[in-house]
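Quick note: the sequence shown uses this note's numbering, first residue 860, plus one each step.
Have a look at the structure below, then the notes.
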Amino acid sequence: MQKFTYYQQELKDLTKQDMLRACRCVDSAQGPVVRMADGSEKVLFCSNNYLGLAGDERVRQAAIDAIERYGVGAAAARLVSGTMRPHAELEEAMAAWLGKEAALYLPSGWAANQALLSTLPQKGDLVMLDKMDHASIIDPAKVSMADFHTYRKGQTERLEGYLSGAAGQKFVVTESVFSMDGDRADLKELVRLRNAYDAILVVDEAHSIGCFGATAAGLCEEEGMLADVDIVVAPLGKAFGASGGIVAGPKVLIDYLVNKARPFIYTTATPPAIPAAALKALEIIQSEPERRKQLTEKAAYLRNALKGMGLDTKDSRSQIIPVILGTPQRAVEVSHKLYEQGYLVVAIRPPTVPPGTARLRISMQADHTTEQIDGLIAALKAALVGMPA
Ligand SMILES: Cc1ncc(COP(=O)(O)O)c(C=O)c1O
860 MQKFTYYQQE LKDLTKQDML RACRCVDSAQ GPVVRMADGS EKVLFCSNNY LGLAGDERVR
920 QAAIDAIERY GVGAAAARLV SGTMRPHAEL EEAMAAWLGK EAALYLPSGW AANQALLSTL
980 PQKGDLVMLD KMDHASIIDP AKVSMADFHT YRKGQTERLE GYLSGAAGQK FVVTESVFSM
1040 DGDRADLKEL VRLRNAYDAI LVVDEAHSIG CFGATAAGLC EEEGMLADVD IVVAPLGKAF
1100 GASGGIVAGP KVLIDYLVNK ARPFIYTTAT PPAIPAAALK ALEIIQSEPE RRKQLTEKAA
1160 YLRNALKGMG LDTKDSRSQI IPVILGTPQR AVEVSHKLYE QGYLVVAIRP PTVPPGTARL
1220 RISMQADHTT EQIDGLIAAL KAALVGMPA
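Laid out in structure tokens, this is it:
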């Protein structure tokens, strides 16, 4: 057998099943319209740049100013000499905003969940995860020494069964707005269980931070639950248009992570221009509530139109609107047809989503125009003509 035969065969199999993935290269700043590497322009409907801040002039300038002042690389891990003023200021600002004692900034949302869930749960503890939780939540729970089980939103009895039988520390981890379905966790019920069983409740606000709540602190704030959530995870590569992930919670847990979390300790600190950009984004998010209002209104407009076409948008209640197409073939074909008409909406297939639910995951941005949204609706109608159900 040749050295690479196994991998070649696997890729061939993926190709046969319409499951092969490849990166598409963008050659412009992120925005509602992007230029692709071949020079064509596409209206973007699959980015997490929900508030349009990734290319915002003020956010760019904050990064440029920080590069002028601090250079590019941090050149050391956070515990060595890599903690620079923007890291520290961002942590302080995020903890205050989220109403938590302390916060820790990690290089990505992925690293934030890895750090948290591979470090806090110990042998004999119980971790309960929603089946639709992101891979960055599921994977570290699998490798931790704790027992872990899954439930799905609404399966209160299952959740309660495990919580009532557990002897060690109990963790319940959920996303607030689920990344693939755009639906919302039942936070009220989770807080009730957290209180009844003295569990540590962790909420990943990746797709709600900046988009929901009176001060845009997320869905927990919007639903009046922020104080009842022990730990908030806030990835900053989405609505913030920056990068990195915040873990905010009790000081004792943050200090523990600083001392024990390998994804924090053994990596070079994020370039300081990135937390500096995130700080500027935070300022804009707090001072320009019209951005999230527009986001919500535009998402409702598109969702209603898609539902009116008889499409399955699941229980979307956010700016993430899935259009369920079933097989990978169907999802890929519709995505290709949209691309040809000038719209970039990638097909999402298993294992990212459950088998039989391959889809387009349409995501709205506050800076999409009505013309762009109507254009997408028309393009989708055209793409679906003559397609077998
Ligand atoms: C719910 C959730 N948590 C965490 C992450 C990871 O964040 P990052 O992209 O910053 O690594 C994602 C990314 O898609 C996500 O959807």
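In this text, a Cβ means the ideal position worked out from N, Cα and C, and glycines have one as well.
Asked	Found
Mark Phe-863 as exposed unless 16 or more other C-beta atoms lie within 10 angstroms of its C-beta, in which case mark it buried.	exposed
Identify which residue in Phe-904, Asp-1045, Arg-917 has its Cα closest to the Cα of Val-1032.	Asp-1045
If we call anything under 8 Å between Cβ atoms a contact, is Thr-1074 one with Gln-1178?	no
How many angstroms separate the CA atom of Ala-1217 from the CA atom of Arg-1208?	5 Å
Under the DSSP definition of a beta bridge, which residues are partnered with Pro-1094?	Gly-1104
Taking a contact to mean a Cβ-Cβ separation below 8 Å, would you say Ser-1175 touches Ser-967 in this structure?	no
Give the list of continuous beta strand (DSSP E) stretches no shorter than 3 residues that lie fully inside the region 1192-1231.	1217-1222
Going by Cα to Cα distance, which pick from Asn-907, Ser-1023, Cys-1079, Phe-1071 is closest to Tyr-1056?	Ser-1023
Count Cβ pairs between the region 1104-1111 and the region 1160-1176 that sit closer than 8 Å; are there 3 or more?	no
Is the number of C-beta pairs between the region 1147-1159 and the region 1110-1118 that are closer than 8 Å three or more?	no
Quick one: what's Met-895 bridged to in DSSP?	Val-885
What residue range is occupied by the uninterrupted alpha helix (DSSP H) comprising Ile-1144?	1132-1146
Answer with buried or exposed for Asp-1040, where buried requires no fewer than 16 other C-beta atoms within 10 angstroms of its C-beta.	buried
Would Arg-1011 pass as a contact of Lys-990 if the rule is Cβ separation under 8 Å?	yes
Where are the beta strand (DSSP E) runs, 3 residues long or more, that stay fully inside the region 918-980, in chain order?	961-965
Measure the alpha-carbon distance for Ala-1237 versus Gly-1201 and round it to whole angstroms.	12 Å
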